[in-house]
Structures are given as C-alpha cells and as structure tokens.
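Numbering (our numbering), first residue to last: 586 to 927.
Yeah, the Cβ is synthetic: ideal placement off N, Cα and C, and Gly gets one too.
Notes for the one structure printed next.
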Amino acid sequence: MQKERLYGKTLNELIAVTKRVGLPGYTARQIADWLYKKEILSIDEMTNLSKRAREVLTKEYETGIFPPVSESESTDGTKKYLYNVLKDKYIETAYIPDNERATICVSSQSGCKMGCIFCMTGKQGFQGNLSSNEILNQFRSLPEFQSLTNMVYMGMGEPLDNITEVLKSLEILTSEWGYGWSPTRITVSTVGLIAGIKEFLEKSRCHLAVSLHSPFDDERKELMPIQRTNTVKEVLDIIRNFEINSQRRISFEYILFKGLNDTPRHIKELARILNGIKCRVNIIRFHQIPGAEFQSPDLGTTINFKEALNAKGILTTIRASRGVDIQAACGLLSTIAQNKQQ
Ligand code: SF4
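Here it is, written out as structure tokens:
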C-alpha cells in the first residue's frame, strides 16, 4: 500500500494527521519542525517524538522526500533536474545561480492545458496537477537546496490552474512554522487566469508575474489561447483595483519574437495599457523549440525595445538567457524523457 506523504502538508493538515492516528495535537508542530527546519528524510529521525508515536505514524505515512532522476549542467552553471511524478511522468526543475542569488524554477503541473503555441510544455498536453508535496520536493531535494535565495513558479504548467496546491506550498515556504521565507523571495507566474489571480492576490503576499507577450487582443489570441476567455484587459483591471502593498512586485513577462511583437506599434500600445500600474516588464529572448517558426530578434532590437519602453516610463529589463546548451526551453527535457519511455 502506498503510504501518504507528510512533506508538503500544512500545519493544519499535520494537526489532522495527529488527530487521526491518536497523537497529541502538539506533535504536529514537532513534525513540521522536523520536516521543514531540520531536513530529516525519515519519520524515524524525528527523535523528540516517542517511539510509539513514530511507529504509529510509520504505519500509514512516510516523509515523501525523493531525489531527482537525472540532471544536466550548462556551461553557464545553470542546472536542469528531472523528477519522476504522478507515477510515470517527468517534470523539470531549473537551478539558476547568479552572483549572490541562486534561484530555483519549479513546475506546478505535469504538462499544461494552456496551449501557448511557443511552448514545448504546452505541446505535451495536460497530464496532471502536482501535489504540494511534489512542488516542494523540487525545492527540498535539490542538491543546491541550502544555497537557494529565490524561487519562481515558472516551470512546467500554469500555477494558478493548480492554485490549491500552489497556495499550500507557498504557505509552507512563508510560515514561521515552515521555512519562514519572505514572500518577496518568491514569484508566481500566470498566463492570466482571472479567478486564480484574484485568489492569489488575496491569499498570498508573493510577487506576481503575468505572461503578456502581446498588447493586442488578436495577436495574443494567436499566441496564447487563454486570451479568448481571460483577456489582458480583465487582468489589468483586477491588478489596478487591488491594493498592492509596496513590498509586492507585479511584473509582465514579454517574450520577444522577431518581426511579430517587437515593433514601435507594440511599444506604444504596451506603454498605453500599462500606464498607471506600478510594474516592471521583463523581456525574454525566445528559446528555440522543435517545429516552431518563431525566431529571436537580434540583440540590438531587443535593447532598443527595452530602452524605448523605459523612455516611456515603463521599467523594463532584459532577462539573461541561461542554460541554452541544456535544452533551456521549458518542457524539452521532459518531452525527451517521456518519449524514451514509450
Ligand atoms: S507557457 Fe506556461 S502556461 Fe503556456 S503552455 Fe507553456 S507551461 Fe503552459
């Protein structure tokens, strides 16, 4: 029988576990302490729990911390890890060191329903939501875990399409009984799911990154089918009407495609629709994927685009391309691993 995993449970869920197996309520805090502060791997290592308590727990539960199945390292130090989840699926996790910072990019789903046409994960289709255990295990079992300073939910899947498990993982990362991270170290990305954004803004204090990619309705519909039902205008209205505290950052991700969304017309419209929102735009150069006709613009065009937006008062940066030699485009490695299995 598959045992239930303790790692990835919130304090309230751990209290429910202790009640269920007949242990005193205070044991839940002790378990949380072992799981999230002391980095043990097995229930038997929870030495301030009585022997009986450990035996009772072990009958039905395990910690559920598991290592990646493979890793590859780029010449620039970026690493990609593959994890086996949902029995026979693969997800990707990236480790991105950058001077003082070390960022982990986690996946929230296996595959994705959103179907963005420039994305390899989108081409996989949807295979399932990751549990809070599977999301946080990418963080905990990363060999570089101790050095991590930041976390982004920008790997495979649409995080706000799996909002319950994502919020649980954020609660564990930011609670005093959990990892105690500041929410300002964590960014969650979204294609712009209206209901999810509202819930995320209300229930979490982490940063939000919205994938924009075009300010024009018809063009964005072509790139991102979500625009048919959840428009950027609605997303911007929510953000405008929500009281965002000064610590919290709203950013817009903008993949630049040569000749498609890199023109002066786009700059003008971006500046218009983002006017009045305290935000930043992150320009990302497109990572080639098999079968896609898109191309990256040259560096000069990218810099000009950034400077033109800055000149219009929109704080804009260019995100450095990392790990290009190790299939940096999200979804490539797991697609290869899944194909090998078939
Ligand atoms: S870009 Fe993100 S939301 Fe779009 S298909 Fe890929 S993983 Fe899904």
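Since residue i and residue j should fall inside the 8 Å C-beta cutoff, what is the C-beta to C-beta distance between them, to a whole number of angstroms?
i, j, result
"Gly-533", "Cys-915", "This structure cannot speak to residue 533, because the chain is shown only from 586 to 927."
"Leu-841", "Pro-882", "5 Å"
Tell whether a beta-carbon distance below 9 Å holds between residue i and residue j.
i, j, result
"Phe-785", "Ile-824", "no"
"Cys-690", "Tyr-738", "yes"
"Leu-778", "Glu-743", "yes"
"Tyr-592", "Leu-620", "yes"
"His-851", "Ser-799", "yes"
"Thr-772", "Met-736", "yes"
"Leu-918", "Glu-677", "yes"
"Cys-791", "Thr-759", "yes"
"Ala-687", "Leu-733", "yes"
"Gly-781", "Asp-746", "yes"
"Met-699", "Val-776", "yes"
"Leu-845", "Ile-899", "no"
"Pro-723", "Leu-671", "Note on residue identity: the sequence assigns Gln, not Pro, to residue 723. No. Outside cutoff."
"Ile-903", "Thr-887", "yes"
"Lys-665", "Gly-908", "yes"
On the three-state DSSP scale, how would you describe residue i?
i, result
"Gln-587", "coil"
"His-792", "strand"
"Asp-683", "strand"
"Leu-797", "coil"
"Ile-874", "coil"
"Met-741", "coil"
"Asn-928", "As displayed, the chain neither begins before 586 nor continues past 927, which places residue 928 out of reach and without an answer."
"Met-736", "strand"
"Leu-727", "coil"
"Arg-907", "coil"
"Ile-899", "coil"
"Ile-829", "coil"
Which two residues bound the contiguous beta strand (DSSP E) that contains residue i?
i, result
"Ile-811", "Where Ile-811 is concerned, there is no enclosing beta strand (DSSP E), given that its DSSP letter is neither H nor E."
"Ser-836", "835-841"
"Ile-771", "771-775"
"Ile-868", "865-870"
"Gln-694", "694-696"
Taking the alpha helix (DSSP H) that residue i falls in, what are its first and last residues?
i, result
"Pro-849", "849-859"
"Phe-711", "Per DSSP, Phe-711 belongs to no alpha helix (DSSP H); it is in the beta strand (DSSP E), 711-714."
"Arg-614", "612-621"
"Leu-821", "817-826"
"Asn-889", "884-896"
Is the Cβ of residue i closer than 9 Å to any Cβ of chain D?
i, result
"Gly-844", "The displayed structure is made up of one protein chain only, and chain D is not part of it."
Which runs of the alpha helix (DSSP H), 4 residues or longer, sit entirely within the stretch 632-680? Listed in chain order, they are 636-645.
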